Amino acid sequence: MIVVLLLGAVAGLGAVVSWRLLFPPPPPLQAAVARLHRRNELVGIANRDQADAGIDDLLGRTVGAALERVMRNLGMNLTTLEADLRLTGRSLETHMAQKVLLALFGLALPILVGVVWSAAGIGVAPSIPVGGGILLGLVFFFAPDITLRGEAAERRKEFKSALGSFLDLVVISLAGGAGVESALRDATEVGRGWAFAQLHNALEVTALTGETPWAALARLGDEVGVPELVELSASVSLAGTEGARVRESLAVKAASLREHALAEALAEAESTTEKMAVPVVLLFFGFLVLVGYPALDLILTGL
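Counting with the numbering used here, you get residues 233 to 535 for the letters of the sequence shown.
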């Protein structure tokens, strides 16, 4: 009995640790607000907390950097991964180190359970924990990529929403007689949030490097994987280089972004509504079983 309880405790602890590693709890509200108000770096997003910095110092320069070099030497394209990491405020080395740690944990967990079973006298074929460890290690190795992709998708939605507001501010400045460059900088000064901070930092770099503002916006759009920002830079460059009047086109672009965001919100709401139908059907099926079982049992026993 004690052995069974011990094995159950080990399995339960492994399940809890695995869940915590794959789906970490959200940060406290105070920490989240502090990260929103924190200034980002000039290039890329750097909303890293102290835990990420510690992992980066200990593992990012060793295990993560080694895995990154191996993947690049194998010819793997990491452009999309790097864009997702910039949006979530993580470094590539930290992400690689997390993948390695999770893979090692997934590999060791079934083997550890198999050792405990063997010590308890329960016969287990060695191929079972080894095979389970390899399978679980592969799952845990790719789990951070799935989580990262979801977080980056949410960040891109927020960035596109902020971009629509940014365009509205630019249009207002242009209507007031401001130039293209001053309108862009004034819009970034008015807005708040991490997206406006990225736009502001991208334009501030141009004062040091001599790069044009539209080229900086295009580069930022490529870095974070937002093609709408690249299209915006192309429209603004026409006004900056050829004197084209783009106020109307920017207003149309802002309206298009809002309509697209509204369509995505409606589609997401409809998808959530459809998903809610599944538990309702299951609940109704369970109710039918609960109501019909006595009658069915009476008929079967009566025969």
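Think of the CB as a built atom: it goes at the ideal place given N, C-alpha and C, for glycine as much as any other residue.
Nothing here was measured: the structure is a model prediction, and the numbers come from that model.
Cβ neighbours of residue 462 within its own chain (closer than 7 Å, five residues either side excluded): 450, 453, 454.
For the pair residue 371 and residue 338, the CB atoms are nearer than the 8 Å cut-off. Take residue 446, set aside five residues on each side of it, and the residues of its chain with a beta-carbon closer than 7 Å to its own are 465, 468, 469, 472, in chain order. When the beta-carbon positions are compared, residue 403 and residue 482 come within less than 8 Å of each other. Residue 530 sits exposed, since fewer than 16 C-beta atoms from the chains shown fall within 10 Å of its C-beta. The C-alpha of residue 319 is placed about 10 Å away from the C-alpha of residue 430. Residue 382 and residue 533 have their C-alpha atoms roughly 54 Å apart. Ranked by Cα distance from residue 365, the options 354, 341, 380, 376 are led by 341. Nearest C-alpha to residue 486 among 437, 401, 505, 343: 401. Of the residues 305, 478, 522, the one whose Cα lies closest to the Cα of residue 410 is 478. Cα atoms of residue 416 and residue 497: separation of roughly 28 Å, rounded to the nearest angstrom.
Between residue 423 and residue 489, the gap from beta carbon to beta carbon reaches 8 Å or more. With 16 or more other Cβ atoms inside 10 Å of its own Cβ, residue 434 counts as buried. Here residue 303 carries a helix assignment [DSSP, helix/strand/coil]. Taken atom to atom, the span from the alpha-carbon of residue 333 to that of residue 301 is near 17 Å. Put simply, of 380, 348, 368 the residue whose alpha carbon is nearest the alpha carbon of residue 324 is 380.
With a beta-carbon spacing of about 12 Å, residue 458 and residue 398 fall beyond the 8 Å limit used to define contacts. In terms of CA proximity to residue 460, 394 leads the group 394, 437, 359. The three-state reading of DSSP puts residue 354 in coil, since its state is none of H, G, I, E or B. Distance between residue 336 and residue 369, taken at the CA atoms: about 6 Å. Nearest C-alpha to residue 419 among 512, 499, 405: 405. Judged by beta-carbon spacing, residue 362 lies within the 8 Å limit of residue 343, meaning their Cβ atoms are closer than that value. Contact between residue 421 and residue 432 holds: their C-beta atoms lie close to 7 Å from each other, under 8 Å. If only complete runs of 4 or more residues are kept, the stretch 399-433 shows the alpha helix (DSSP H) at 412-422, in order along the chain. Judged by their CB atoms, residue 437 and residue 448 are nearer to each other than the 8 Å cut-off. Cβ-Cβ separation between residue 376 and residue 330: approximately 5 Å, consistent with a contact (criterion under 8 Å).
Fully enclosed alpha helix (DSSP H) runs of no fewer than 4 residues occupy 445-456, 459-474 of the stretch 431-492, in order along the chain. Nearest to residue 386 by alpha-carbon distance, out of 512, 354, 328, 500, is 500. Less than 8 Å separates the beta-carbon of residue 384 from that of residue 316.
A direct Cα-Cα distance of roughly 39 Å separates residue 360 from residue 503.
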